[in-house]
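Residue numbering for the sequence shown follows this note's numbering, starting at 4 and increasing by one per position. What follows is one structure encoded as structure tokens, with my remarks underneath.
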Amino acid sequence: MTDKFLDKAYGTTGDTRELYSAWAKSYDEELGSNGYATPERCAKALAKHSKDKSAPILDFGCGTGLSGLALKLAGFEVIDGVDVTEDMLKVAAEKQIYRNLTQIEPGKPLPHAPGTYAAITAIGVIGTGAAPVSVFDLIMKGLAKGGLTVVSLNDHALEDPNFEGKLNEYLDCGSARLLHKEYGPHITAINLNSNVYVLEKT
């Protein structure tokens, strides 16, 4: 590996915007060369359970747009993206995948009414060195009944029971229904795997 951003990411705590701003220009190349498999896995899982791929979806934590590209290749037609890092959004804009791109503040409610989007994705977003587990609450609040979300949790996140426990809170009380759960490759070069989940808000 020619740079150390990937190593740094999993050791970062607190506000990660400085790290991701510095990483923006080399992010796609580094993750691509290390076999970043989760975006494609998430996009295919969401596509399997989506009734209308022309309905708008929101790519939460879209970063440089690797997740948006996977969603586009899976057949989704209208994709908006939000992220906390301006430099990442600039790279995403160059891909010309997204209808709209918006910078958001960490922890703030999403700037749309529930039902605006048929699905909200959080692909490679929630976990150690990334967004906190509380982000899942924001996503669920941003969905109307029947809305879908696809979320990934890598091995580091799965070591902390709070991450999967947050999803189970919604499932156990009947606020969501689990449509898909699959364990598989996340970043193959470093032998890191992830769970991919698709949930429906009920």
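Quick reminder that beta carbons are idealized off the backbone N, C-alpha and C, glycines included.
From residue i to residue j, what distance separates their C-alpha atoms?
{"i": "proline 188", "j": "isoleucine 129", "result": "16 Å"}
{"i": "alanine 95", "j": "glycine 66", "result": "7 Å"}
{"i": "serine 137", "j": "alanine 125", "result": "12 Å"}
{"i": "glutamate 3", "j": "serine 155", "result": "The question about residue 3 has no answer here: the residues shown for the chain are numbered 4 through 205."}
{"i": "glutamine 106", "j": "glycine 168", "result": "28 Å"}
{"i": "isoleucine 60", "j": "asparagine 194", "result": "30 Å"}
{"i": "histidine 159", "j": "alanine 147", "result": "30 Å"}
{"i": "alanine 192", "j": "asparagine 157", "result": "14 Å"}
{"i": "serine 178", "j": "proline 164", "result": "20 Å"}
{"i": "glycine 127", "j": "threonine 88", "result": "15 Å"}
{"i": "leucine 49", "j": "alanine 116", "result": "21 Å"}
{"i": "asparagine 198", "j": "lysine 111", "result": "26 Å"}
{"i": "glutamate 97", "j": "leucine 161", "result": "33 Å"}
{"i": "isoleucine 123", "j": "lysine 93", "result": "21 Å"}
{"i": "aspartate 62", "j": "alanine 40", "result": "17 Å"}
Suppose the cutoff is 7 Å on Cβ atoms and the five residues either side in sequence are ignored; what does the same chain contact list for residue i look like?
{"i": "isoleucine 100", "result": "Gly68, Gly71, Leu72, Lys75, Ile82"}
{"i": "valine 149", "result": "The sequence given here places glycine at residue 149; valine does not occur at that position. Excluding sequence neighbours, glycine 149 sits near Glu203, Lys204."}
{"i": "arginine 102", "result": "Val81, Ile82, Asp83"}
{"i": "histidine 52", "result": "Leu151, Leu182, His183, Val201"}
Less than 8 Å between the C-beta atoms of residue i and residue j, yes or no?
{"i": "alanine 134", "j": "glycine 64", "result": "yes"}
{"i": "asparagine 196", "j": "tyrosine 186", "result": "yes"}
{"i": "glycine 84", "j": "leucine 113", "result": "no"}
{"i": "tyrosine 173", "j": "lysine 184", "result": "no"}
{"i": "isoleucine 190", "j": "asparagine 37", "result": "yes"}
{"i": "lysine 54", "j": "phenylalanine 79", "result": "no"}
Which residue marks the beginning of the alpha helix (DSSP H) containing residue i, and which one marks its end?
{"i": "isoleucine 193", "result": "No alpha helix (DSSP H) contains isoleucine 193, which DSSP labels as neither H nor E."}
{"i": "cysteine 176", "result": "Cysteine 176 -> no alpha helix (DSSP H), and no H or E assigned at all."}
{"i": "alanine 46", "result": "41–52"}
{"i": "glycine 71", "result": "69–76"}
Taking the continuous beta strand (DSSP E) assigned at residue i, which residues delimit it?
{"i": "alanine 125", "result": "122–125"}
{"i": "isoleucine 82", "result": "82–86"}
{"i": "isoleucine 60", "result": "60–63"}
Cutting at 6 Å between CB atoms, please list the residues of its own chain near residue i, excluding the five before and the five after it.
{"i": "glutamate 203", "result": "Leu151, Arg180, Leu182"}
{"i": "alanine 58", "result": "Ala121"}
{"i": "glycine 118", "result": "Ala147"}
{"i": "phenylalanine 139", "result": "Lys169"}
{"i": "alanine 46", "result": "Ala73, Leu74, Ala77"}
How about residue i: is its C-beta nearer than 8 Å to some C-beta of chain B?
{"i": "glycine 84", "result": "In the structure shown, chain B cannot be found, because there is only a single protein chain."}
Can you name, in chain order, every residue of its own chain whose Cβ lies under 8 Å from the Cβ of residue i, other than the five neighbours on each side?
{"i": "glutamate 108", "result": "Val87"}
Task: Continuous beta strand (DSSP E) assignments of at least 3 residues falling wholly in the segment 92–155 - done: 103–106, 122–125
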